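Here is the structure we will look at, set down as structure tokens.
Residue numbers (the working numbering): -1 to 150.
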């Protein structure tokens, strides 16, 4: 989502310049916090296994691991522009990033399956835990991209 805020007409009013990465990091942190806050709220409101199966927390944990894996790789490492090769170089960075994206998409798809397969299709009286699992993973998955080209 790099360049997400440039499409706004107000981008001429505000000089994002050097503050863009800071604002993107803060926005991603707020989304990450909101996702975990929603699932903690659901776990506190519905502590019994009948209303909220605690194994559904695995989706959020996997999404968090994917979030860390994706953000650990810089754009320069993926393109091969970095100064150090590391243990596997550019190929290793691409494989690491691919596995991170697979985990992120997998956890998002699994959260949709939990919402619809576990709560909506079974016509349970309480649907909020399924919605909480989905929104937790959606908020962790959605993030603002950073750019490494600060001097344009």
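Virtual Cβ for every residue (Gly too), placed ideally from N, Cα, C. Just so we're clear, the structure is a prediction, and the values are computed from it rather than from any experiment.
| Asked | Found |
| --- | --- |
| Find out if the Cβ-Cβ distance for the pair residue 40, residue 117 is shorter than 8 Å. | no |
| Give me the residue from 77, 52, 112, 99 with the minimum Cα distance to residue 138. | 99 |
| Pick helix, strand or coil for residue 19, following the three-state DSSP scheme. | helix |
| Can you give me the C-alpha to C-alpha distance between residue 32 and residue 71, rounded to a whole angstrom? | 24 Å |
| Given residue 54, which residues of its chain have a CB within under 6 Å of its CB, disregarding the five upstream and five downstream residues? | 112, 131 |
| Rounded to whole angstroms, how far is the Cβ of residue 105 from the Cβ of residue 69, which I believe are closer than 8 Å? | Rounded, the Cβ-Cβ distance is 15 Å, inconsistent with contact. |
| Pick helix, strand or coil for residue 148, following the three-state DSSP scheme. | Only weak support exists for where residue 148 lies, its pLDDT of 49 falling under 50; the coordinates are left without a value. |
| Would DSSP call residue 44 helix, strand or coil? | coil |
| Assign residue 76 to one of three DSSP states: helix, strand, or coil. | helix |
| Secondary structure at residue 69, three-state DSSP: helix, strand or coil? | helix |
| Where does the unbroken alpha helix (DSSP H) through residue 98 begin, and where does it stop? | 87 to 113 |
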